[in-house]
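**Student:** Those letters in the sequence shown? Residues -21 to -1, 1 to 111, per mature numbering (1 follows the signal peptide of the UniProt record, and there is no 0), in order. Even glycine gets a Cβ: it sits at the ideal position worked out from N, Cα and C. From a predicted model like this one, the values you see are computed outputs, not experimental measurements. One structure follows; several queries about it will come next.
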Amino acid sequence: MLLPFAILTAGALVFFSAAIQHLNTVTANGIAFAFTDRSTPLSREGFAGRAARTLQNNLESAAMFVPPAILLFSNGSEPPLATTAAGAYIATRISFTLAYWTGRNRLRSFFWGLGMASIAVTAALSAQSILT
């Protein structure tokens, strides 16, 4: 039953990424900035930019992974390959996030590819569960 944990992990990564981005913004611009209309755009350089892009990518990843994972789980179908894909998703997305924050681009891209593969497997298994 790794699918529910992977679904929660996807949400937690989005939340944690948003929290890190916000803490970085407050640290760099002061607490008063958090209460403005933010008409002055935030920096997309250095850690601030990587934090923003990490959050965006984690949102996109969750949007691709969570629906088929919920479908598989709600159908009561969790074949061994789905468990493997869910475990891979968790490991690769956490690794992706850490690699992005630390600026390790090759590792980030490697983990992104593995994460996309786990999403594709989960989506294929979900489609198969609907068709059978």
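Out of curiosity, what's the CA-to-CA distance linking residue 104 and residue 5?
**Tutor:** One-based indexing of the sequence shown puts residue 104 at position 125. One-based indexing of the sequence shown puts residue 5 at position 26. The straight-line gap from Cα to Cα measures roughly 42 Å.
**Student:** If distances are taken between C-alpha atoms only, which option among 92, 90, 83 and 55 comes closest to residue -19?
**Tutor:** Sequence index remark: in the sequence shown, residue -19 carries index 3 (1-based). Closest option to residue -19, Cα to Cα, is 55.
**Student:** With residue 4 as the anchor, note down where its alpha helix (DSSP H) starts and where it stops.
**Tutor:** One-based indexing of the sequence shown puts residue 4 at position 25. Its alpha helix (DSSP H) spans residues -19 to 8.
**Student:** Does the region 42 to 50 come close enough to the region -21 to -4 to have 3 or more Cβ pairs within less than 8 Å?
**Tutor:** They touch, by the three-pair rule.
**Student:** Taking all protein chains shown into account, decide if residue 29 is buried (16 or more other Cβ within 10 angstroms of its Cβ) or exposed.
**Tutor:** In the sequence shown, residue 29 corresponds to position 50, counting from 1. Buried, because 16 or more other Cβ atoms sit within 10 Å of the Cβ of residue 29.
**Student:** Tell me the DSSP secondary structure of residue 83 in three-state form.
**Tutor:** Translated into the one-based positions of the sequence shown, residue 83 becomes position 104. Three-state result, residue 83: coil.
**Student:** When burial is assigned at 16 or more other CB atoms within 10 Å of the CB, is residue 107 buried or exposed?
**Tutor:** Residue 107 sits at position 128 when you count from the first residue of the sequence shown. Exposed is the call here.
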